[in-house]
Amino acid sequence: MKLTMIGNGNMAVALIAGLYKKYDLEIVGRNGDKLQAIAKKYKNVTVKEIGDSFDIEGKNVILCVKPYSLDDVSKKLKGKAKNLFSILAGTTLESLKNAISSAHYVRVMPNVSAVYGSSMTTLTGDLDAKELSKEIFSAIGEVLWLDTQKELDIATAIAGSGPAYLALIADALADGGVKAGLKRDDAKAITAGLFAGFGDLIKNTEASKIKEQVMSPAGTTACGVASLEDANVRSAFIKAVESAFNRAVELGKNSFSLLETLICVIILAVLSVGMSKIISTNTDTLSNNSKLDDAYFYISNDLNTTIQTTQLTTSKGTIQVNKTIYDKDGIYLYRYKL
Ligand SMILES: NC(=O)c1ccc[n+]([C@@H]2O[C@H](COP(=O)([O-])OP(=O)(O)OC[C@H]3O[C@@H](n4cnc5c(N)ncnc54)[C@H](OP(=O)(O)O)[C@@H]3O)[C@@H](O)[C@H]2O)c1
């Protein structure tokens, strides 16, 4: 069976690694160099530039672009797909139906472990496409069909984002080892080995049981676990899942188009006082900007930016937000003082 992937970024590349052995893959993107690099690595994969128009008539399409690119990409897609599988976080079936024509629609939430065939992938959508989608995505790991889009958004907050949470834990554990006196490479190797073994353990044993088994009375693990509880780690993870879920719901509302965003920015910039200045859409540019005055506008559609009601945490540090000027569908426009 042939699968057409639209987008060739991080997640698409992870999916290709699992899917190419079983399916004929057609990868469609906008950057010729990146496409050629994929073609070089996977000889039996076809690559195509999207250009102004790409025909999806009768195809099984896996949509792998960022949620905010949906408007732009959908304008270039012509014809009616047979099945549309979308991996776009938060983007609802309704938004997909409005944007791209297909007989069936399924939302799919894989994670980056797909690159090793170990994704935990959740799916929901048209029941007519349930069995086919489960079959296709079982090529990249485990699959679980969920009944509702809300459940998929919650699963996104656990398994889609989860590799980042676990990477943070792995990094912190290795730091702990180094702090206690281990060489960095040894600390990393021990942490990696721990995670590799834990996969099998958690599949076969309840999490609470594992904890009980390892915690002996007045033992080392009991001391370690007590420290984690003191630091409210459990509560931090519950909040992390809740925040990521809320963000998925925000992304699911109809997205503000790039043109609308630019118009809004220009109007607000003109209306604002002279010292206000528009900077960019990501925190890296913010941190690299050497000419920061006292008032700026900042737009964020970046999942890596932690947004709270009164402060914005960026790679430059925490900034007090004076006022949210505009907040629509996951695009935030703030005025703040450094
Ligand atoms: N990363 C994860 O762990 C993860 C997990 C689950 C789901 N997802 C979902 O996967 C999707 C992709 O994420 P990602 O991390 O792979 O992002 P990414 O690396 O930025 O990839 C996005 C891809 O879309 C392409 N693209 C953007 N606009 C386009 C356009 N107008 N026409 C054609 N191609 C266009 C980009 O092309 P260029 O290369 O030319 O920029 C790039 O290849 C997102 O919707 C995300 O929610 C990600």
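Numbering (the working numbering), first residue to last: 406 to 743. Beta carbons: idealized from backbone N, C-alpha and C, even for Gly. Bear in mind that the values here come from a model prediction, so they are computed numbers and not experimental data.
How long is the line joining the alpha carbons of Tyr701 and Met514, rounded to whole angstroms?
With a pLDDT of only 41 at Tyr701, under the threshold of 50, the placement of this residue in the model should not be trusted, and no figure is reported.
Looking at the structure shown, is Asp531 part of a helix, part of a strand, or coil, going by DSSP?
coil
Leaving out five residues on either side along the sequence, give the residues of the same chain with a beta carbon under 8 Å from the beta carbon of Leu606.
Ile615
Restricting to runs no shorter than 4 residues, where is the alpha helix (DSSP H) found entirely within the region 586-673?
589-609, 612-619, 625-635, 638-657
With DSSP as the reference, please indicate the residues paired to Ile467 in a beta bridge.
Met410, Phe490
Given this structure, state the Cα-to-Cα distance separating Leu468 from Tyr428, to the nearest angstrom.
16 Å
Would you say Leu551 and Gly530 are within 7 Å of each other, going by their C-beta atoms?
no
Can you give me the C-alpha to C-alpha distance between Ala417 and Met410, rounded to a whole angstrom?
7 Å
Backbone secondary structure at Val548 - three-state DSSP
strand
Given this structure, state the Cα-to-Cα distance separating Asp635 from Ala519, to the nearest angstrom.
35 Å
With DSSP as the reference, please indicate the residues paired to Tyr510 in a beta bridge.
Leu489
What residues are listed by DSSP as bridge partners for Phe750?
Only positions 406 to 743 of the chain appear in this structure, which leaves residue 750 out of reach.
Here's a check: name, in chain order, each residue in its chain whose Cβ is nearer than 7 Å to the Cβ of Asn516, leaving out the five neighbours to either side.
Ser524, Met525, Ala564, Gly565, Gly567, Pro568
According to DSSP, which residues form a beta bridge with Glu454?
Gly434
Among Ser506, Ala444, Gln554, Glu611, whose alpha-carbon lies nearest the alpha-carbon of Phe459?
Ser506
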